[in-house]
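Q:
Numbering (the UniProt record's numbering), first residue to last: 1 to 405.
Put into structure tokens, the structure is as follows:
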């Protein structure tokens with residue numbers, strides 16, 4: 001454009017110079033014409049001259065007129081060419097102005113595009129940095145989760161061992177408790193039998209002396225009827241019986257129970273031992289019950305801690321799955337056009353029955369949906385399926401997808 005404008009300007013300058021030259025020539029011709037007219041007048045005034053000279057003058061005048069006409073025609077042609085050149089110059093100037101405006105617009109657009117490219121590059125760099133940070137966070141989360149899973153497995157093992165030991169301790173304590181309960185029952189039974197025997201001896205002491213033989217035999221029968229006991233208890237009962245029997249006619253029951261004789265003190269000491277052993281056994285049973293209750297509380301706390309750890313593990317696994325789905329979703333979301341087409345097909349009315357059911361696996365793969373979300377989509381497609389069988393002529397068919405029916 002600049003070359004053409006420069007060429008046109010050079011042509012315009014040359015035409016202007018030619019025009020000036022022609023104007024000067026025209027002025028010269030006019031001056032010549034004026035001088036020629038003056039000479040012609042002078043010649044006419046000198047008509048007295050010969051006819052040959054007049055004829056030459058007429059010829060010269062006609063030639064001068066023809067030359068003037070030719071010059072006028074050439075001037076008109078030059079004027080027309082000058083007008084055309086001016087029009088072309090104006091058109092070239094307009095084109096140049098348009099080109100300059102287009103260049104300015106292109107420059108501004110180029111600057112804007114460069115700014116957009118710089119902003120996009122910056123956003124891309126920031127997104128890459130954020131992606132790297134997210135990847136590092138995911139790796140750190142995965143490491144933490146693996147460490148927590150290891151700790152959880154170790155704690156589960158320890159909890160299982162603790163629970164096993166607690167169960168074994170509880171079983172042992174229950175066995176000890178049952179044994180102690182049996183021993184307490186046996187001790188109470190022996191104590192009751194000893195008290196009954198003392199009552200018999202008291203009754204025997206209060207009876208007349210003629211009936212001494214019969215109570216002795218009855219006492220012997222009672223001793224025989226007692227349940228089998230240990231050797232120490234049998235020796236104790238035998239000592240009680242042998243110590244009381246020789247002195248039965250001479251001592252009272254108080255003397256038998258609280259006397260200073262060695263034989264009489266032995267059954268009392270045995271009864272006192274039995275009386276004192278029962279509270280000791282009761283205290284032991286209470287202590288074992290407290291230990292058992294404490295062990296049960298520890299077991300409940302361990303089970304609660306285990307349940308909390310299981311919930312935390314479940315939440316961490318869900319978070320891991322969510323992060324993995326996000327990473328896999330990024331790979332599929334890059335193909336936005338295909339995803340948009342699939343979503344539009346899913347949202348648009350079905351052309352063929354079961355079309356949405358066929359699109360659900362594709363959406364599940366591309367968006368990495370969870371089982372609950374897939375189930376919701378299946379439920380939605382199943383609910384929209386029967387509605388699609390309505391009559392196409394009804395208003396429900398027009399309002400169905402707008403959720404207006």
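We put the beta carbon where it would ideally sit given N, CA and C, even for glycine.
Check this for me: beta carbons of residue 165 and residue 285, under 8 Å apart or not?
A: Within the chain shown, residue 165 is the residue found at index 165, counting from 1. Within the chain shown, residue 285 is the residue found at index 285, counting from 1. Not a contact, by the Cβ cut-off of 8 Å.
Q: Once the 5 residues before and after residue 107 are set aside, which same chain residues still bring their CB inside 7 Å of it?
A: Counting from one through the chain shown, the residue named residue 107 turns up at place 107. None.
Q: Do the CB positions of residue 357 and residue 328 come within less than 8 Å of each other?
A: Against the chain shown, residue 357 aligns to sequence position 357. Against the chain shown, residue 328 aligns to sequence position 328. No, they are not a contact pair.
Q: Would you mind working out which of 14, 371, 189 and 305 sits nearest residue 85, comparing C-alpha positions?
A: Counting from 1 along the chain shown, the entry for residue 85 is found at position 85. That would be 14, whose Cα lies nearest to the Cα of residue 85.
Q: Could you give the C-beta distance for residue 8 and residue 89, rounded to a whole number, given that I count them as a contact under 8 Å?
A: Within the chain shown, numbered from 1, the residue matching residue 8 stands at position 8. Within the chain shown, numbered from 1, the residue matching residue 89 stands at position 89. That belief holds up - the Cβ atoms of residue 8 and residue 89 are roughly 6 Å apart, short of 8 Å.
Q: Is residue 390 buried or exposed, if buried means 16 or more other CB atoms sit within 10 Å of its CB?
A: Mapped onto the chain shown, residue 390 falls at position 390. Its pLDDT being 48, under 50, residue 390 is placed unreliably by the model, and nothing is read from it.
Q: For residue 92, count neighbouring Cβ atoms within 10 angstroms of its own Cβ and tell me buried if that reaches 16, exposed if not.
A: Residue 92 sits at position 92 when you count from the first residue of the chain shown. Label assigned to residue 92: buried.
Q: Can you confirm whether the segment 329-348 touches the segment 145-156 when touching is taken to mean that 3 or more C-beta pairs between the two stretches lie within less than 8 Å?
A: With a cut-off of 8 Å, the segment 329-348 and the segment 145-156 do not count as touching, because too few Cβ pairs lie within range.
Q: With respect to the alpha helix (DSSP H) encompassing residue 356, which residues constitute its N-terminal and C-terminal limits?
A: Counting from 1 along the chain shown, the entry for residue 356 is found at position 356. Counting along the chain, the alpha helix (DSSP H) containing residue 356 begins and ends at 355-367.
Q: With 16 as the cutoff for other CB atoms within 10 Å, does residue 140 come out buried or exposed?
A: Counted from its first residue, the chain shown places residue 140 at position 140. Label assigned to residue 140: exposed.
Q: If you compare alpha carbons, which of 197, 179 and 12 is closest to residue 78?
A: Your numbering for residue 78 matches position 78 in the chain shown. Taking only the C-alpha atoms, the option nearest residue 78 is 12.
Q: Is residue 360 near residue 374, with beta carbons less than 8 Å apart?
A: Taking the first residue of the chain shown as position 1, residue 360 is located at position 360. Taking the first residue of the chain shown as position 1, residue 374 is located at position 374. In contact: residue 360 and residue 374 (Cβ atoms closer than 8 Å).
Q: Given a cut-off of 8 Å on the beta-carbon distance, is the pair residue 142 and residue 320 in contact?
A: For the purposes of this step, residue 142 is taken as the residue at position 142 of the chain shown. For the purposes of this step, residue 320 is taken as the residue at position 320 of the chain shown. Closer than 8 Å, so yes.
Q: Roughly how many whole angstroms lie between the Cα atoms of residue 299 and residue 377?
A: Against the chain shown, residue 299 aligns to sequence position 299. Against the chain shown, residue 377 aligns to sequence position 377. Taking the straight line joining both Cα atoms gives about 44 Å.
Q: Let me know the alpha helix (DSSP H) ranges lying completely inside the segment 119-163, each 4 residues or longer, listed in chain order.
A: The qualifying runs do not exist here; there are none.
Q: To the nearest angstrom, report how far apart residue 335 and residue 6 are at their CA atoms.
A: In the chain shown, residue 335 corresponds to position 335, counting from 1. In the chain shown, residue 6 corresponds to position 6, counting from 1. Residue 335 and residue 6: Cα-Cα distance of roughly 53 Å.
Q: For the structure I just gave you, are there three or more beta carbon pairs, one from the segment 154-162 and one from the segment 302-310, closer than 8 Å?
A: Yes: the two stretches touch, three or more of their Cβ pairs being nearer than 8 Å.
Q: From the beta carbon of residue 184, is the nearest beta carbon of chain D less than 8 Å away?
A: No chain D is present in this structure, which holds just one protein chain.
Q: Looking only at its chain, what residues have a beta carbon closer than 6 Å to the beta carbon of residue 262, apart from the 5 residues adjacent to it on each side?
A: The residue given as residue 262 occupies position 262 in the chain shown. Residue placement at residue 262 is flagged as unreliable, the pLDDT there being 39, under the threshold of 50; the coordinate-derived value follows with that caveat. Taken in chain order, the list of residues that qualify is empty.
Q: Could you check how far apart the C-beta atoms of residue 64 and residue 42 are, in whole angstroms? I think they sit under 8 Å.
A: The residue labelled residue 64 in the question sits at position 64 within the chain shown. The residue labelled residue 42 in the question sits at position 42 within the chain shown. Their Cβ separation, rounded to whole angstroms, is 15 Å, which puts residue 64 and residue 42 out of contact at 8 Å.
Q: Please state whether DSSP places residue 374 in a helix, a strand or coil.
A: Working through the chain shown from its first residue, we reach residue 374 at position 374. Here residue 374 sits in helix by DSSP.
Q: Using three-state DSSP, classify residue 11 as helix, strand or coil.
A: For the purposes of this step, residue 11 is identified with residue 11 of the chain shown, where counting begins at 1. Note: residue 11 maps to helix in three-state DSSP.
Q: Can you list, in chain order, the residues of its chain with a C-beta nearer than 6 Å to that of residue 130? Leave out the 5 residues immediately preceding and following it.
A: Start at 1 with the first residue of the chain shown, and residue 130 comes out as number 130. Correct list: empty, nothing qualifies.
Q: Sorted by chain position, which residues of the same chain lie with C-beta nearer than 7 Å to residue 75's C-beta, five sequence neighbours on each side aside?
A: Residue 75 sits at position 75 when you count from the first residue of the chain shown. So the list reads 22 and 26, once near-sequence residues are dropped.
Q: Distance, Cα to Cα, residue 190 vs residue 162?
A: The residue you call residue 190 lines up with position 190 of the chain shown. The residue you call residue 162 lines up with position 162 of the chain shown. Taking the straight line joining both Cα atoms gives about 40 Å.
Q: Output yes or no for whether 8 Å exceeds the beta carbon distance between residue 177 and residue 288.
A: Counting from one through the chain shown, the residue named residue 177 turns up at place 177. Counting from one through the chain shown, the residue named residue 288 turns up at place 288. For residue 177 and residue 288, yes; Cβs fall inside 8 Å.
Q: Can you list, in chain order, the residues of its chain with a C-beta nearer than 7 Å to that of residue 82? Leave out the 5 residues immediately preceding and following it.
A: One-based indexing of the chain shown puts residue 82 at position 82. Excluding residues within five positions, the ones whose Cβ falls inside 7 Å are 15 and 19.
Q: Decide if residue 197 is buried, meaning its Cβ has at least 16 other Cβ atoms within 10 Å, or exposed.
A: Position 197 of the chain shown, counting from 1, holds the residue named residue 197. Flag for residue 197 reads buried.
Q: Going straight from the alpha carbon of residue 10 to that of residue 115, what length do you get?
A: Walking along the chain shown from the start, residue 10 turns up at place 10. Walking along the chain shown from the start, residue 115 turns up at place 115. If I take the Cα positions, the gap works out to 42 Å.
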